[in-house]
Amino acid sequence: MNVFWDTIIEPLITKLKPKHIVEIGAETGKNTVNLLKYCKENEATLYSIDPKPQFDVEQLKQDNNDRFIFYKALSLNVIHQLNSFDLVLIDGDHNWYTVYNELKLIEKRCQELEIPFPFIILHDIDWPYGRRDLYYSPDNIPDAFRKPFQKKGMKPGISELKDDGGLNPHLFNAVYENNFQNGVLTAAEDFMKESIHQLEMVKISGFFGLGLVFSEEMILNKKEIISFIETLKTSETLQKYLEKLELGRIEELVTRSNLGLLYNESKLKIEVNQNEIEEQKAQIEEQKTQFESELLKYQEKLDEQKKTFDQEISKYQTEANIQKNAQLELSNIIKRIENSIHDRNREIEELSNTINKIESSIRYRIGEAFIEATKSPIQVLKLPVKLIKLFWESKKFK
Ligand SMILES: C[S@@+](CC[C@H](N)C(=O)[O-])C[C@H]1O[C@@H](n2cnc3c(N)ncnc32)[C@H](O)[C@@H]1O
8 MNVFWDTIIE PLITKLKPKH IVEIGAETGK NTVNLLKYCK ENEATLYSID
58 PKPQFDVEQL KQDNNDRFIF YKALSLNVIH QLNSFDLVLI DGDHNWYTVY
108 NELKLIEKRC QELEIPFPFI ILHDIDWPYG RRDLYYSPDN IPDAFRKPFQ
158 KKGMKPGISE LKDDGGLNPH LFNAVYENNF QNGVLTAAED FMKESIHQLE
208 MVKISGFFGL GLVFSEEMIL NKKEIISFIE TLKTSETLQK YLEKLELGRI
258 EELVTRSNLG LLYNESKLKI EVNQNEIEEQ KAQIEEQKTQ FESELLKYQE
308 KLDEQKKTFD QEISKYQTEA NIQKNAQLEL SNIIKRIENS IHDRNREIEE
358 LSNTINKIES SIRYRIGEAF IEATKSPIQV LKLPVKLIKL FWESKKFK
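Okay, structure coming up:
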């Protein structure tokens with residue numbers, strides 16, 4: 008609605024001079040700020056209603072004191088609490104049930120308070136939501152009034168929702184359009200038909216369409232407003248021209264929205280890829296750290312094994328040296344023993360030679376003794392003594 012501020016809403020308000028303004032659907036608060044500026048300058052009060060405002064409500068309250076009263080709620084739960092309203096801007100939940108009942112409640116409250124029906128400014132009376140419901144929160148709409156809906160986009164001239172792209176693909180849009188109790192304009196028309204007031208609606212094409220709904224009573228004797236409203240009524244030719252302009256604008260919007268979707272999809276894909284790359288990088292880093300620590304452990308183990316191995320080798324080398332020395336010593340001993348055996352053998356040989364010589368000498372002397380004995384009897388007597396002597400001699404050598 009903000010887009011209509013300087014060309015339609017502000018000029019209208021300055022002529023209407025409302026003291027109590029109700030805003031249904033504040034969203035980012037752009038229009039709220041404009042309305043508050045008017046309220047400050049004209050000692051008026053703004054009552055804003057939105058279950059999900061997207062601005063700092065407390066800050067705006069602080070800046071405007073009691074000129075700004077905010078209801079973080081659904082319009083249908085608030086209207087019966089309001090005590091005064093000269094102007095109501097309806098731009099909340101764009102569906103038949105909500106808009107029809109907002110208008111009904113406003114009318115009922117006016118009767119209770121015995122005040123005139125307020126001036127109504129209604130957004131989204133043209134395509135896409137003039138004849139098709141949108142549900143911000145489908146659960147808030149009673150089953151009997153909620154049309155089948157899907158989170159899919161729309162294209163002008165095509166009744167079916169689009170499988171991809173289109174306008175507002177992120178919102179819950181009714182599957183059908185142009186039928187019974189469907190859309191914002193239908194709601195306003197149905198209400199007006201049943202109203203106890205004589206109501207008129209002036210439609211302004213462009214930017215999804217704006218409707219000004221007012222009673223004769225409301226503008227009675229207010230010449231300025233009457234003539235301003237007259238300026239808003241266009242000729243048939245100009246109306247067609249405006250509708251064509253709006254169609255072009257919407258087609259641009261759809262193209263832009265499709266491009267936006269494509270951009271977001273690509274951005275998302277890039278982000279997913281980047282995240283995957285980051286994850287893989289982190290995994291590689293982790294594996295590298297793990298591998299390095301394993302390597303360090305193996306290196307330490309290897310060093311330890313090398314140390315033990317070196318110690319074993321030096322132990323074996325020492326033992327081998329000891330054994331080699333022992334072998335050397337043993338072979339020396341063997342050699343010495345062999346030499347000694349050799350010496351002993353030689354000695355034995357020499358001795359046996361000597362014995363042989365002595366034995367042959369004793370045999371010779373024995374023979375001599377026997378020959379001597381043949382020579383005289385005394386010699387015979389001496390023979391045994393000589394033989395015993397020789398025997399002992401030979402024994403001694405042996
Ligand atoms: C199109 S935006 C309003 C834009 C705003 N009027 C502007 O001109 O900047 C619709 C807003 O209506 C609010 N909304 C939805 N359902 C509502 C309800 N039942 N009562 C009041 N506000 C509602 C949404 O939270 C959203 O912020």
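If you want our numbering, it's the position in the sequence shown, counting the first as 1, plus 7.
The C-beta atom is built at its ideal place from N, Cα and C for all residues, glycine as well.
In this text the structure is predicted, and so the values were computed from the model without any measurement.
Mind checking which residues open and close the alpha helix (DSSP H) that includes residue i?
i: V220; result: Unbroken run through V220 is the beta strand (DSSP E), L217 to S222; no alpha helix (DSSP H).
i: Q246; result: E243 to A380
i: T21; result: E17 to L23
What separation, rounded to the nearest whole angstrom, lies between the Cα atoms of residue i and residue j?
i: D150; j: D140; result: 14 Å
i: G190; j: S264; result: 22 Å
i: A333; j: F316; result: 25 Å
i: S300; j: E336; result: 53 Å
i: N361; j: L388; result: What sits at residue 361 in the sequence shown is Thr, not Asn. Straight-line Cα distance between these residues: approximately 30 Å.
i: V209; j: L23; result: 16 Å
i: E48; j: I28; result: 14 Å
i: Y270; j: E278; result: 12 Å
i: Q306; j: E285; result: 31 Å
i: T325; j: E319; result: 10 Å
i: L4; j: T262; result: A query on residue 4 cannot be resolved here, the shown segment of the chain reaching from 8 to 405 and no further.
i: K154; j: T296; result: 59 Å
i: L192; j: E250; result: 16 Å
i: I127; j: Q281; result: 51 Å
i: L19; j: N185; result: 31 Å
Starting from residue i and walking both ways along the beta strand (DSSP E), at which residues does that stretch end?
i: E231; result: Segment K230 to L239 is the alpha helix (DSSP H) holding E231; no beta strand (DSSP E) there.
i: V4; result: Residue 4 lies beyond the stretch modelled for the chain, which goes from 8 to 405, so this question has no answer here.
i: A194; result: No beta strand (DSSP E) contains A194, which is instead part of the alpha helix (DSSP H) from V191 to E201.
i: K169; result: I165 to K169
i: Q66; result: No beta strand (DSSP E) holds Q66; the alpha helix (DSSP H) holding it covers V64 to N71.
i: K162; result: G160 to K162
Can you find a heavy atom of ligand 1 that lies under 7 Å from the Cβ of residue i?
i: N175; result: no
i: M161; result: no
i: K111; result: no
i: P145; result: no
i: P58; result: yes
i: I31; result: yes
i: S202; result: no
i: S82; result: yes
i: M199; result: no
i: G99; result: yes
Excluding the five sequence neighbours on either side, which residues of its own chain have a C-beta within less than 8 Å of the C-beta of residue i, listed in chain order?
i: K313; result: none
i: L168; result: Q157, K159, G160, M161, N180 and V182
i: S222; result: P123, F124, H204, Q205, L206 and E207
Tell me, please, whether the CB atom of residue i is closer than 8 Å to any CB atom in chain D?
i: Y248; result: In the structure shown, chain D cannot be found, because there is only a single protein chain.
Who are the Cβ neighbours of residue i in its own chain at under 6 Å, not counting the five residues just before and after it?
i: V64; result: F77
i: L390; result: A376 and A380
With a CB to CB cut of under 7 Å and the five nearest residues on each side skipped, what residues in its chain are close to residue i?
i: A80; result: I56 and P58
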